[in-house]
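Asks: In my numbering, the protein residues as written are 1 to 435. Built from N, CA and C at the ideal position, the CB exists for glycine as well.
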């Protein structure tokens, strides 16, 4: 789907508005003003012809010469007749006037309508005209092959001219305005991608500048709030470990050889709490780190095999594939996925490694009933437990950490469709440039 640029929409609106004004003006002029203008032009043409011709008493040769000059200068056919409609002179024009035309004009004369300079009588098809002069001579003109300019073509040419001028004048201003909005959009996208320090340059004093200022203020508040929450989480997790260590030490000192069951339960609770704090600290560290320094080349097949030996009924297929990453974090990712399959699925667990030109894919599939549609959009959320799994050991942070570790390596984690539960991890592949 093509993106609709705002500056093109604004520019199109300006063009459409101007075109609408021009078209409406042309319609109004055509309806209300054209007849008045045509009448004025007809009157001017009649007066100019009357002033150019010699008087009625002038010799025929002089009148013929005046007619020829008028026709030659205007490049039209001209004929001059006396009050009896007898030819006085001609320059390519009609040598007689049809009888029905004479009768029509005489009827107009009787009504008093044909003696005005603006009253030109059309002879045929709008190309020949007759004007009755004040001295009762009749002037006939024929435009011949001359074609008047087509009004529709003239209007279209005028619209094209206006559009071109508006394009040259309005485009820079519209582009400048929308450019500021585009920079604001880029700032919003940077915030959405996790770059909380992104800000937008404020230009001008209009509403767009106010919007940029409001965006910067909101982004600053969001950044401070999230940093405060991260700091609070990190500090709280760190402080919890101090009393936890003292509790462990106290339990060791108060060990009663006869109460080994209670002692084992306390040790298990302490280990569970210590594990929760560790996962919270790891999530906090990953959340505050925009991008990991991935300097270590890791054989993913070997790593998965080393972790998989700790789980029964685990089969691994695939070839040796190298990725750049943090060995400790990737081991944590694989361990969490295997632990999740052991707790929430059914053995055996199958791990399949494949690769394409740019990515490495790890698929972890157990033989359980799979993940229903309602839970799929939530399984990667911290502390989420699906229905019927509330009493399963754990805190609901395993898959959340998996997703964070995958994204920290520039990859993704997702649930695949199918009857079984399959989680796919995709990571960027190291491309061997020697091949």
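Report yes if the C-beta of residue 429 is less than 6 Å from at least one heavy atom of the ligand COA; otherwise report no.
Replies: The ligand COA is not part of this structure, which contains no ligands at all.
Asks: Assuming residue 298 and residue 322 form a contact by the criterion Cβ under 8 Å, report the distance between their Cβ atoms to the nearest whole angstrom.
Replies: For the purposes of this step, residue 298 is taken as residue 298 along the chain shown, with counting starting at 1. For the purposes of this step, residue 322 is taken as residue 322 along the chain shown, with counting starting at 1. With 8 Å as the limit, residue 298 and residue 322 qualify as a contact, their Cβ atoms being about 7 Å apart.
Asks: Check whether the stretch 56-71 and the stretch 85-105 touch, using three or more Cβ-Cβ pairs below 8 Å as the test.
Replies: yes
Asks: Are the stretch 402-415 and the stretch 341-357 in contact at 8 Å, needing three or more beta carbon pairs?
Replies: no
Asks: Taking DSSP's pairing of strands, which residues face residue 350 in a bridge?
Replies: Along the chain shown, read from residue 1 onward, the residue named residue 350 stands at position 350. Bridge partners of residue 350: 315 and 365.
Asks: What are the boundary residues of the beta strand (DSSP E) that includes residue 90?
Replies: As a first step, residue 90 is located in the chain shown; it is residue number 90 there, counting from the start. 87-91 is the extent of the beta strand (DSSP E) around residue 90.
Asks: So the candidates are 55, 132 and 166; which of them puts its Cα closest to the Cα of residue 15?
Replies: For the purposes of this step, residue 15 is identified with residue 15 of the chain shown, where counting begins at 1. For the residues 55, 132 and 166, the minimum Cα distance to residue 15 belongs to 166.
Asks: The beta strand (DSSP E) spanning residue 325 covers which residue range?
Replies: As a first step, residue 325 is located in the chain shown; it is residue number 325 there, counting from the start. Counting along the chain, the beta strand (DSSP E) containing residue 325 begins and ends at 322-325.
Asks: Between 79, 283 and 269, which lies nearest to residue 248 when the distance is taken from Cα to Cα?
Replies: Indexing the chain shown from 1 puts residue 248 at position 248. Among 79, 283 and 269, the Cα nearest to that of residue 248 is on 269.
Asks: In angstroms with no decimal places, state the Cα-to-Cα distance between residue 25 and residue 19.
Replies: One-based indexing of the chain shown puts residue 25 at position 25. One-based indexing of the chain shown puts residue 19 at position 19. Whole-angstrom Cα-Cα distance: 10 Å.
Asks: Rounded to whole angstroms, what's the CA-CA distance from residue 17 to residue 191? Just pull it up for me.
Replies: On the chain shown, residue 17 is found 17 positions in, with the first residue counted as 1. On the chain shown, residue 191 is found 191 positions in, with the first residue counted as 1. Roughly 37 Å between the two C-alpha positions.
Asks: State the DSSP-derived secondary structure class of residue 417, mapped to helix, strand or coil.
Replies: Within the chain shown, the letter at position 417 stands for residue 417. In the structure shown, residue 417 sits in coil (DSSP, three-state: anything other than H, G, I, E or B).
Asks: Please classify residue 48 as buried or exposed, where buried requires at least 16 neighbouring CB atoms within 10 angstroms.
Replies: In the chain shown, residue 48 corresponds to position 48, counting from 1. The residue in question, residue 48, is exposed, as its Cβ has fewer than 16 Cβ neighbours within 10 Å.
Asks: Kindly list the residues whose CB is nearer than 6 Å to the CB of residue 208, restricted to its own chain and excluding five residues on each side of it in sequence; keep chain order.
Replies: Locating residue 208 in the chain shown gives position 208, where the first residue counts as 1. Excluding residues within five positions, the ones whose Cβ falls inside 6 Å are 180.
Asks: How would you write the range of the beta strand (DSSP E) that residue 356 sits in, first residue to last?
Replies: For the purposes of this step, residue 356 is taken as residue 356 along the chain shown, with counting starting at 1. Judged by DSSP secondary structure, residue 356 falls outside any beta strand (DSSP E); it is assigned neither H nor E.
Asks: Would you kindly work out how many angstroms separate the C-alpha atoms of residue 195 and residue 230, rounded to a whole number?
Replies: As a working note, residue 195 is residue 195 in the chain shown. As a working note, residue 230 is residue 230 in the chain shown. The alpha-carbon atoms of residue 195 and residue 230 are separated by roughly 15 Å.
Asks: Quick check: the Cα distance between residue 398 and residue 320, rounded to an integer number of angstroms?
Replies: The sequence position of residue 398 within the chain shown is 398, counting from 1. The sequence position of residue 320 within the chain shown is 320, counting from 1. One C-alpha to the other measures close to 26 Å.
Asks: Buried or exposed for residue 222, please, with buried defined as at least 16 other CB atoms from any protein chain shown within 10 angstroms of its CB.
Replies: The sequence position of residue 222 within the chain shown is 222, counting from 1. It counts as exposed.
Asks: Under 8 Å, with one C-beta from each stretch per pair, do the stretch 299-308 and the stretch 366-386 reach the 3-pair mark?
Replies: no
Asks: How many angstroms separate the CA atom of residue 318 from the CA atom of residue 301?
Replies: Position 318 of the chain shown, counted from the start, is the residue given in the question as residue 318. Position 301 of the chain shown, counted from the start, is the residue given in the question as residue 301. Each residue's Cα considered, the two are about 7 Å apart.
Asks: I'd like to check one pair, residue 128 with residue 142: are the Cβ atoms closer than 7 Å?
Replies: Against the chain shown, residue 142 aligns to sequence position 142. Against the chain shown, residue 128 aligns to sequence position 128. Yes. Within cutoff.
Asks: If I follow the unbroken beta strand (DSSP E) through residue 301, where does it start and stop?
Replies: Here residue 301 is taken as the residue at index 301 of the chain shown, counted from 1. Note, residue 301: premise wrong, no beta strand (DSSP E); alpha helix (DSSP H) at 300-308.
Asks: Here's the rule I'm using: 16 or more other beta-carbon atoms within 10 Å means buried, otherwise exposed. How should residue 203 be labelled?
Replies: Residue numbering aside, residue 203 sits at position 203 when the chain shown is read from its first letter. So residue 203 counts as exposed.
Asks: Please state whether DSSP places residue 129 in a helix, a strand or coil.
Replies: Position 129 of the chain shown, counted from the start, is the residue given in the question as residue 129. Here residue 129 sits in strand by DSSP.
Asks: Output the boundary residues of the beta strand (DSSP E) element that contains residue 206.
Replies: As a working mapping, residue 206 is identified with position 206 in the chain shown. Looking at the DSSP string, residue 206 is not in any beta strand (DSSP E), and its letter there is neither H nor E.
Asks: Straight-line CA distance for residue 53 to residue 63?
Replies: For the purposes of this step, residue 53 is taken as the residue at position 53 of the chain shown. For the purposes of this step, residue 63 is taken as the residue at position 63 of the chain shown. For residue 53 and residue 63, the distance between alpha carbons rounds to 7 Å.
Asks: Compare the C-alpha of residue 198 against each of 315, 403, 174 and 216 and name the closest.
Replies: Within the chain shown, the letter at position 198 stands for residue 198. With distances taken between Cα atoms, residue 198 lies closest to 216.
Asks: So the beta strand (DSSP E) residue 142 belongs to, where does it begin and stop?
Replies: In the chain shown, residue 142 corresponds to position 142, counting from 1. Unbroken beta strand (DSSP E) run through residue 142: 138-142.
Asks: Going by C-alpha to C-alpha distance, which of 359, 385 and 382 sits closest to residue 424?
Replies: Counted from its first residue, the chain shown places residue 424 at position 424. With distances taken between Cα atoms, residue 424 lies closest to 359.
Asks: From residue 383 to residue 414, what does the alpha carbon distance come to, in whole angstroms?
Replies: Your numbering for residue 383 matches position 383 in the chain shown. Your numbering for residue 414 matches position 414 in the chain shown. Cα-Cα distance, rounded: 17 Å.
Asks: For residue 349 and residue 371, I'd like the C-alpha separation in whole angstroms.
Replies: Within the chain shown, residue 349 is the residue found at index 349, counting from 1. Within the chain shown, residue 371 is the residue found at index 371, counting from 1. The straight-line gap from Cα to Cα measures roughly 15 Å.
Asks: Considering only the alpha carbon of each residue, which of 362, 175 and 96 lies closest to residue 333?
Replies: In the chain shown, the residue the question calls residue 333 occupies position 333. With distances taken between Cα atoms, residue 333 lies closest to 362.
Asks: Pop quiz: residue 296 and residue 324 are said to be a contact at Cβ under 8 Å. What is the actual Cβ separation, rounded to whole angstroms?
Replies: Counting from one through the chain shown, the residue named residue 296 turns up at place 296. Counting from one through the chain shown, the residue named residue 324 turns up at place 324. Rounded, the Cβ-Cβ distance is 7 Å, consistent with contact.
Asks: Quick one: what's got a C-beta closer than 7 Å to residue 226's C-beta in the same chain, skipping five residues either side?
Replies: The residue given as residue 226 occupies position 226 in the chain shown. Within the same chain, residue 226 has close Cβ partners 196.
Asks: Using the Cα positions of residue 185 and residue 193, report the straight-line distance between them to the nearest angstrom.
Replies: Reading the chain shown from its first residue, position 185 is the one you call residue 185. Reading the chain shown from its first residue, position 193 is the one you call residue 193. About 12 Å.
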